[in-house]
Each structure stands twice: as C-alpha cells, then as structure tokens.
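First up is the structure itself, then whatever we jot down about it.
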Amino acid sequence: MLELEHGFRVVDSYARLAPGRRGEPRGRTITPDRLEREMHQAGITRSVVFPPAEPETSYIAANNGVARRSVDRPFVAFARINGTRRASATATSRLHNAVSCRGRKDFHTTPDDVEKYAYDDRFHGFVLDPLTDGLPDEEVLETLDDVGLPLIVRGGADAPPAALAETVFGRSFPVVVAHFGGHPLDRDHMHEMVDLLSEFDDCYVETSFVRYRDVLERALLEHPDRVLFGSGAPACHPNVAVMEILTLDVSKDKLWRAFSKNACRVIEALSPDAQFRIRH
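Taking numbering that gives the first Met the number 0, I'd label the letters of the sequence shown as residues 0 to 279.
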C-alpha cells in the first residue's frame, strides 16, 4: 500500500459513485466494492463520493443511493445539487439569472432540499457541475450560507473561474473548485484559479485531472493550505492520481497538506477520528 510505503495518510476529495445497477450515464462504471478496493490499494483511507451529473434530473434518489452505498465503507457522501442559473457572464445570462428562482422546475434543488441534506447525518457537503446542473439561484445560495457545509464545484471552460467568482465565491461556506477550474486541460484557467486564491479566503482547489506539474507545484508553493488531493475515480485510477502528487518537486510538509491536512480542515468527516462520529 502506498500509505505504508510513503508514510502519508491520503484522503480523496473527488470520486464519483454510481447509485444504482445501471451505473453512470456516461464514462466508466464501477461498483462500490471495486471502488473501495482501488482506494485501499492506493493507500486512500477515506473518499468523498457523489453521484454522476445528469441533465434535468432530480438528484434525490441518486443522492440517497450513494448514501446507502457508503454505509460501512470509507466513503463520505456529498449530495449533488442543481440550479436554474447560468455560469456565463454575458448580459443575457445576467438577465436570466436575475429571474432564475421563478423558473425553478420540479427537478431543481430547492432551499428545503438543501436543509434536508444538511441536517441528514448521511451527507457532509454538496457537489455541483455547472455545465450539466447549472448554478443555484440566490435563495438556494442563501440556504447554503446558512448551513455552511462545503460545496465542490466542477470548474472548466463552461464555468470559468471568473464566473464562479461572481456566483459562489466569497460566501460563508467553503468552495472547492474541482480540476483547478480548468477542465479539460486548460492551463490558462488553472493559473487564473490559482490567482483567485489570493482574493478569496475560503476557496480551495482539488487536483483531479490536473496533468500539469507546473500548475500543481505553483499552487502548493504559493498556497500550500488551499490544495486538496482528488483522485477523479473511477475515470482515473487512484493509484495514478496519488503518484502524480508524490512525484512533485515540493517538500514533504506540502505533500502532507495536499494529501490530508487541508481536506480534513475543510471536510471534517475526512479527519481520522470522524469515522467514530459519523452516523448512517
């Protein structure tokens, strides 16, 4: 196990888990047992898991399915949410967003949904893909402020760092930007996201699918307390993701921070003693 060979406790802040037998709507399907085995092989002790994104779908059943499959496994369930707003910063999008709560449909996440997830011991945060899910309207964002649980947001060309800064940064809940805000392989957006870490205190980045060593090393050197390890499983094998971080030219202390210390501070359920407090 890598944990034993290298002496690091590794926790994973980004892994998808299909909630039912039919698996994921696209991409690689993996069973909970196999995901747990692969995490164990990579020396990962606990993993944040959430359902895949699906357009115009209520996530209530999928979130509950992930929570059930996390029982008696080293998984920390996050609830996927969606919204009516657009991530683009155009004038048309701003007008749409101004009236978005009135356009909420049955499958959209409501403030009541957020409260139910937040006070359900099975869930420890939220996850959002702006391309598929949209962004929450102001009422939902205010409820997220009230509950204060972390939000993982997939960043990319369809939801660039500047658009996320206008909508979800600077609030009372921690925001973890997946893929350094530059999926797929957009180095400029990744560097832009690292720049924004200086402006927003409770904002973090996670490492899945970031294949550029210079970006990873820059973030760990300039903002060692803001980088969280993410495997991107099952699309990426967790062994590969762990090795990419282990081979960076940074100090052991910064590796410790990326692999566990930072994530445990942001997501309490990943801490070593949390497993005794989590109730399913």
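Note that beta-carbon positions come from the ideal geometry of N, C-alpha and C, so glycine has one too.
Straight through space, the alpha carbons of residue 102 and residue 42 are spaced by roughly 45 Å. Between the stretch 235 to 243 and the stretch 262 to 274 there are fewer than three inter-stretch CB-CB distances shorter than 8 Å, so the stretches are not counted as touching.
When C-beta atoms of the stretch 149 to 160 are compared with those of the stretch 117 to 130, three or more pairs fall below 8 Å, so the two segments count as touching.
Within a 10 Å sphere around the beta-carbon of residue 210 sit fewer than 16 other beta-carbons, which makes this residue exposed. Contact between residue 216 and residue 248 holds, with the beta-carbon distance rounding to 6 Å and staying under 8 Å. In the structure shown, residue 161 adopts helical secondary structure according to DSSP, grouped into three states.
In the pairwise beta carbon analysis, the stretch 74 to 88 is classified as touching the stretch 49 to 66: at least three pairs are separated by under 8 Å.
The Cβ-Cβ distance between residue 160 and residue 191 falls below 9 Å. In the DSSP assignment, residue 11 is bridged to 46. Per DSSP, the continuous alpha helix (DSSP H) segment holding residue 116 begins and ends at 110 to 117.
Following the DSSP letters along the chain, one finds residue 76 inside the beta strand (DSSP E) bounded by residues 74 to 79. Comparing alpha-carbon positions, the option among 32, 168, 214 and 252 lying closest to residue 200 turns out to be 168.
Per DSSP, the beta bridge partners of residue 122 are 76. Counted as a single uninterrupted DSSP element, the alpha helix (DSSP H) harbouring residue 34 occupies residues 31 to 40.
By the neighbour-count definition (other C-beta atoms within 10 Å, threshold 16), residue 174 is a buried residue.
As DSSP reads the structure, residue 202 sits in a beta bridge with 174. Here residue 257 carries a helix assignment [DSSP, helix/strand/coil].
Of the residues 221, 36 and 135, the one whose Cα lies closest to the Cα of residue 256 is 221. Between the C-alpha atoms of residue 185 and residue 196 there is a straight-line separation of about 17 Å.
Per DSSP, residue 266 lies in no alpha helix (DSSP H) and is assigned neither H nor E.
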